[in-house]
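Undergrad: What the sequence shown shows, in the numbering used here, is residues 1 to 63, in sequence order.
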Amino acid sequence: IELYVSGQHGYWASLRIEPDLISRIKKAQKEDSKIWTIVENLNKQVYHRLRGDTMPSGLLWIV
1 IELYVSGQHG YWASLRIEPD LISRIKKAQK EDSKIWTIVE NLNKQVYHRL RGDTMPSGLL
61 WIV
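1) Do you know how far the Cα of Glu40 is from the Cα of Gln29?
2) Return helix, strand or coil for Glu31, following the three-state DSSP convention.
3) Taking just the CA atoms, how far does Ile38 sit from Lys44?
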């Protein structure tokens, strides 16, 4: 990253750029195998429940 300031001479001693909080959370979650195990199990359970005849009428599942 280069920074130009019109009419000024010198340089930056340091420049720190950090990702936003949401990006850091998403990155951490991608690397967490426990979360992915939970997600996979939830997907299987929801699919099973959606296919079953035990759903009360008028119930809407949002996944």
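The beta carbon of each residue, even a glycine, is placed where N, CA and C say it ideally should be.
Since the model is a prediction, treat every value here as computed from it, not as a measurement.
TA: In this structure, then:
1) One alpha carbon belongs to Gln29, the other to Glu40, and they sit about 14 Å apart.
2) Per DSSP, reduced to three states, the secondary structure at Glu31 is coil, with no helix or strand assignment.
3) Cα-Cα distance, rounded: 10 Å.
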